[in-house]
Amino acid sequence: MGKIEAELKKAGATVYALSNEAAAPLAKMKEAEKLGDTFVFLSDRESKAADMYAGHYNGQAMLKPATFVIGKNGKIVYAYAGEDYKVRAGAQTVLEAVKELNR
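Position one of the sequence shown corresponds to residue 314 (this note's numbering), numbered consecutively onward.
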């Protein structure tokens with residue numbers, strides 16, 4: 314996603330990344346990936362918010378991958394939730410969904 318940050322910013326998007334890691338490691342990850350203000354990392358230590366959407370793997374702390382593009386009106390225009398942690402929503406697919414909000 315960092316590769317398309319300028320385009321996301323131009324489209325007026327903010328990316329919220331939800332993780333059950335503590336805030337300090339998330340801040341280090343954001344810094345290491347050189348992500349700007351377009352990306353906001355949120356710590357969900359007890360997985361309460363994550364469990365309302367994609368959840369986590371049974372018996373494990375790891376959250377399942379999920380991506381949602383939500384308009385300012387609260388309407389979800391794109392959703393991806395997967396079972397395989399190695400498979401994520403494609404950056405270009407997400408960008409196209411964001412651009413669709415502005416049409």
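Even glycine gets a Cβ: it sits at the ideal position worked out from N, Cα and C.
In this text the structure is predicted, and so the values were computed from the model without any measurement.
- The three-state secondary structure of V400, taken from DSSP, is coil.
- Per the coordinates, the alpha-carbon of T380 lies some 16 Å from the alpha-carbon of E318.
- When secondary structure is reduced to three states using DSSP, A362 falls in the helix class.
- Annotated as proximal: N333 and E359, with beta-carbon spacing under 9 Å.
- Contact annotation: the segment 348 to 356 does not touch the segment 370 to 384, with fewer than three C-beta pairs closer than 8 Å.
- The beta-carbon separation of F352 and V328, rounded to 5 Å, stays under the 8 Å limit for a contact.
- When rounded, the separation of the alpha-carbon atoms in Y366 and L321 is 23 Å.
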